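Asks:
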Amino acid sequence: MSVIGIDFGNESCYVAVAKAGGIETIANDYSLRATPSCVAFAGKNRILGVAAKNQLVTNMNNTVFGFKRLLGRKYNDPHVQHELRQIPYKVEQHPAGGVGIRVNYLDEEHIFSPEQITAMLFTKLKEDSAKELKTQINDCVISVPSYFTNAERKALLDAASISGLHCLRLMNETTATALSYGFYKQDLPGPDDKPRNVIFVDFGHSSLQVSACAFHKSKLKVLATCSDQIGGRDIDSTLANYFSDEFQKNYKIDPRTNKRAYIRLLAEVEKIKKQMSANSTKLPLNIECFMNDIDVHSYMQRQLMEELCSDVFKRVENTMRKLLQDSKLTLDDIHSVEIVGGSSRIPAIKHSIEEIFGKQPSTTLNQDEAVSRGAALQCAIMSPAVRVRDFSCVDTQCYPVSISWDGDQGSPKSEIEVFPQYHQAPFSRLLTIYRRQPFNVSIAYNSDSVPYPDKFIGEWRINGVKSNANGDPQEIKIKVRLNANGIISISSAQMVEKKDSIEEAPNSPTTNGEQTQNNSDSQATNENENSATSVAEQMEVSEDTKDKKKKVSSKIIDLTWDCVTHGYSDNELSNYFEQECKMISNDRREKERVDARNALEEFIYDMRGKIQEGGELADYVSENDREQICQQLEDLENWIYEDGENCEREVYKTKLNELQTKTDPIKQRYYEYEGLPQAFNDLGHAINMAFKAVEQYRAGEPKYEHLTEAEMINITETADKTRKWYEDSRGKLAGLSKTHDPPIKIADIRHEWQTLTTCTNSVINRPKPKPPTPPASNTTSNNDQQQHQNENTNGNAQNNSETESNNSNKKDTLEDKMDVE
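Here it is, written out as structure tokens:
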């Protein structure tokens, strides 16, 4: 099982996988790393990714793109209305106020939500990853813009669930970029040292995100993040409007009135924009048959582009200056500035970065794949299936969040800010409220900077609240959770029920301050929790009697709630998942059906060319059969383009089998007649080699002297028999028309060849016998002689030793005598 990271972009997507050798970006079925964020519908099948973008101009009404900006939003949202002016497909309002995309699918009108369209794209990415890695894909981490709100993040999680992906985490794109930067850095400061502050500028197709991150060893913390929903597509639109005005003046045509022409213009403008990043000269723009069969021509230069797009570049500068202000960093505190995103290659953007941050932008990261690589690293860290070095990522909440609740018995509504801007995420807060009855709790954003007209996050109706026996309000503990996905919700609600009881005091002296509390249902204290109030429970000694005391005991009761928030319910997700599975199955059947039809069509064209005059099979089919087969091929071709356009796979396979029963004999004859000459040559060569071996034996060839006369006679008889069969077979084939099946098959010739070669080779390839070994007596004599020589040698050595010993004794005696003298 593999884990992947998905960079879900407005224009294209990247998928990276964590392997033992590092992080790799997966290529799709077109061998491209980038998969366009396009989903198209054509007849009975869906077209996803590269293929969908390739047919955008010809099928623009059923090709959906740019749907990332529609996730989690309402139809009346100003941002949605702005997007609708730039997309050619039909969008309408759902009954619940959401966005519905109308397309023609299965020859019917269907309405899909942006979440369903996103799930279709995720299905494509999942299939490409499984095909590339040859394993099942389950766990993933999906990147999300830092400016996405609660509703948009929940919609993206719903899309992943519909596609069958288990999303471990939604990771902010800037945080993923920071992780891919810091994970492999070996020179980061220690925990007690001053952090390394790095600025990340991500200027993509539809958004600008700038973040400041502080790095320590194996840890990063996001200090601040600023964004603006402006990107490279805004530059494209500005240039396209400039060219439209010029074409209207010079050619009397306005591309903005024709969606297909405007899409073509945007594609050409994007190309020239990329060329201007590396070229400051005047670049031409030529489009043939642009509108009304008119060819258009114009020029664009970098300096003019910067003047036209000055408003866009000004917004980029303002966003970067705001980050510098929010992060509270000075220019000296900044270590470096890293840039990612395709639009960051524009020289004007690099110049603005150098002016604002005082440092040249660094391009150490892959500008297109950095986000997906960081998401894959995070997925590997979180997944138990992969072992990887831990690296902590502390993210932030971009927008301040407030919580409010109903007053008790007509008192005014209360509200506090539970998470200020740039608060650490994930995080939990514990609030204590005193209530006598069920009440409502609402959570919403409280900043005008939220790119969402409705600040509403959710409303919870807390049930099961009641007053105590004395009619006093009871303590309610509510935990508000900001999870790692950036989604805010209420994770638990509990009521602390207190009871007074009188019990006998023990004989031993008692001490004040004892307390009892049952808290078996409370959560672990390792979370970051702040309590607004605390409860102290004390025991008081009764004044009337000293052998009794009053005790206050508490019991924690989990409360239920009814929630109204963004996202689909479990039943809706289950239904959408079933629909997606049905569409996947239908895509598979349609692919098999189209493949069967294409196979039949290919066979028709191929066979027609082969059996007609001049084809390789023309000599092997009679004129009558040729006419019949050609007529059948023509009828089938007409049938395919008329009544047989939408038949089932089995129908095409049946038609193909019927054709093959008539054409296979022709192919078999071609195979036989073409292979017979070579087969006869091989057999003739084997006959000659057999007679040659017999002749060499008769001539006394030394290598055959171990063979017997009977064996040679057997080879001769077999070779004579084979030669007679060889001559008879060639006589049968002489003058035979190629339109008739040959009486002799290649298999028959191979059989005769195999019989002869086996008979011959088994004899002439038998090795000569080994020469006889010498008699055993000679061996014994030699052994005795050798043993006698060894004994003589030992004897001589012993005699020499004894002689040396005697000489030594004589010498010692002489020396003694000399001493005596």
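In this text, residue positions in the sequence shown follow UniProt numbering: the first is 1, and each later residue adds one. Where is the CB? At the ideal position from N, CA and C, for every residue including glycine. Source: prediction; values computed, not measured.
Within 10 angstroms of the Cβ of Gly21, are there 16 or more other Cβ atoms? Answer buried if so, exposed if not.
Replies: Label assigned to Gly21: exposed.
Asks: For the segment 189-196 against the segment 216-228, do three or more pairs of beta-carbon atoms, one drawn from each stretch, fall closer than 8 angstroms, so that the two count as touching?
Replies: Verdict: yes, contact present.
Asks: Count the other CB atoms, across all protein chains shown, that sit within 10 Å of the CB of Asn485; report buried if there are 16 or more and exposed otherwise.
Replies: Buried, since its Cβ has 16 or more Cβ neighbours within 10 Å.
Asks: Put Asp368 into one of helix, strand or coil per three-state DSSP.
Replies: Asp368 falls in the coil class under three-state DSSP.
Asks: Excluding the five sequence neighbours on either side, which residues of its own chain have a C-beta within less than 7 angstroms of the C-beta of Leu179, listed in chain order?
Replies: Result list for Leu179: Leu220, Gly374, Leu377, Gln378, Phe391 and Cys393, in chain order.
Asks: If we ignore side chains and look at the alpha-carbon of each, how far apart do Gly684 and Ala690 end up?
Replies: Taking the straight line from one Cα to the other gives about 10 angstroms.
Asks: Given that a residue counts as buried once 16 or more other Cβ atoms are within 10 Å of its Cβ, and exposed if not, what is Cys563?
Replies: By the neighbour-count rule (16 or more Cβ atoms within 10 Å), Cys563 is not buried but exposed.
Asks: Taking a contact to mean a Cβ-Cβ separation below 8 angstroms, would you say Tyr299 touches Lys322 in this structure?
Replies: For Tyr299 and Lys322, no; Cβs fall outside 8 angstroms.
Asks: How many Å lie between Thr565 and Lys154 at the Cα?
Replies: Each residue's alpha carbon lies about 10 angstroms from the other.
Asks: Any chance you could list the alpha helix (DSSP H) runs of at least 4 consecutive residues sitting entirely within the segment 555-638, in chain order?
Replies: If we require 4 residues or more, the alpha helix (DSSP H) runs fully inside the segment 555-638 come out as 570-611.
Asks: Report yes if the CB atom of Tyr14 is closer than 8 angstroms to the CB atom of Glu369, and no otherwise.
Replies: A contact, by the Cβ cut-off of 8 angstroms.
Asks: Using DSSP bridges, identify the partner residues of Ile6.
Replies: Answer is Val15 and Ile142.
Asks: For Lys466 and Asn586, what's the separation of their Cα atoms in angstroms?
Replies: Their Cα atoms are separated by approximately 54 angstroms.
Asks: So, at 6 angstroms on beta carbons, what are the nonlocal neighbours of Lys350 in its own chain, with the 5 sequence-adjacent residues on each side left out?
Replies: Closer than 6 angstroms at the Cβ level, and outside the excluded window around Lys350, lie Pro361.
Asks: Which residue's Cα is closest to the Cα of Cys226: Glu115, Leu707, Gln421 and Pro78?
Replies: The shortest Cα separation from Cys226 among Glu115, Leu707, Gln421 and Pro78 belongs to Gln421.
Asks: With distance defined between alpha-carbon atoms, name the residue in Lys724, Ala747 and Ile687 nearest to Glu672.
Replies: Checked all of Lys724, Ala747 and Ile687; the closest Cα to Glu672 is Ala747.
Asks: What is the DSSP secondary structure of His297, reduced to helix, strand or coil?
Replies: The answer is strand: DSSP assigns His297 an E or B state.
Asks: Once DSSP output is grouped into helix, strand and coil, what is the label at Val269?
Replies: Three-state DSSP puts Val269 in a helix.
Asks: Count the other CB atoms within 10 Å of the CB of Arg33; is the residue buried (16 or more) or exposed (fewer)?
Replies: By the neighbour-count rule (16 or more Cβ atoms within 10 Å), Arg33 is buried.
Asks: Do the segment 261-281 and the segment 236-243 touch if we need at least three Cβ pairs shorter than 8 angstroms?
Replies: Output reads yes: the segment 236-243 touches the segment 261-281.
Asks: By a C-beta neighbour count over all protein chains shown, 10 Å radius and 16 as the cutoff for buried, is Ser372 buried or exposed?
Replies: Per the 10 Å Cβ criterion, buried.
Asks: Span of the alpha helix (DSSP H) holding Ile687?
Replies: Run containing Ile687: Arg649 to Arg698, per the alpha helix (DSSP H) assignment.
Asks: Would the segment 706-715 and the segment 641-652 be scored as touching if the rule is three or more Cβ pairs under 8 angstroms?
Replies: Segments in contact, no.
Asks: Do you know how far the Cα of Lys359 is from the Cα of Leu223?
Replies: Rounded to the nearest angstrom, the two C-alpha atoms are 19 angstroms apart.
Asks: Note the first and the last residue of the continuous alpha helix (DSSP H) segment covering Asp228.
Replies: Looking at the DSSP string, Asp228 is not in any alpha helix (DSSP H); the run it does join, the beta strand (DSSP E), is Lys219 to Asp228.
Asks: Note the first and the last residue of the continuous alpha helix (DSSP H) segment covering Gly182.
Replies: Run containing Gly182: Glu173 to Gly182, per the alpha helix (DSSP H) assignment.
Asks: What does DSSP give as the partner residue(s) for Lys499 in the beta ladder?
Replies: Answer is Ser553.
Asks: Got a sec, what are the start and stop residues for the beta strand (DSSP E) Arg481 sits in?
Replies: Note, Arg481: beta strand (DSSP E), Gln474 to Leu482.
Asks: Beta-carbon within less than 8 angstroms of Asn45's beta-carbon, same chain only, minus the 5 sequence neighbours each way: which residues are those?
Replies: Excluding residues within five positions, the ones whose Cβ falls inside 8 angstroms are Asn586, Asp587, Glu590, Lys591 and Val594.
Asks: CB-CB under 6 angstroms to Ser206, same chain, minus the five flanking residues each way: which ones, in chain order?
Replies: The residues are Asn10, Gly231 and Arg233.
Asks: By the 10 Å Cβ neighbour count, where 16 or more other Cβ atoms means buried, how is Gln367 classified, buried or exposed?
Replies: Buried is the call here.
Asks: I'd like the list of long-range same chain contacts for Val496, defined as Cβ closer than 7 angstroms, with 5 residues on each side in sequence excluded.
Replies: Once the five neighbours on either side are set aside, the close Cβ partners of Val496 are Gln474, Glu475, Lys477, Val535, Ser554 and Ile556.
Asks: Among residues of its own chain, excluding the 5 on either side of Val337, which ones have a beta-carbon nearer than 7 angstroms to its beta-carbon?
Replies: Correct list, in chain order: Ile199, Val201, Ile353, Phe357, Lys359, Pro361 and Ser362.
Asks: Can you find the residues in the same chain that come closer than 7 angstroms, C-beta to C-beta, to Ala212, ignoring five residues on each side of it along the sequence?
Replies: So the list reads Asn197, Ile199, Leu223, Ala224, Leu323, Ser327 and Leu329, once near-sequence residues are dropped.
Asks: Looking only at DSSP bridge pairs, what is Lys74 linked to?
Replies: Partner(s): Gly98.
Asks: So, do the segment 98-112 and the segment 53-67 have three or more beta carbon pairs nearer to each other than 8 angstroms?
Replies: The answer is yes - the segment 53-67 touches the segment 98-112, with three or more Cβ pairs under 8 angstroms.
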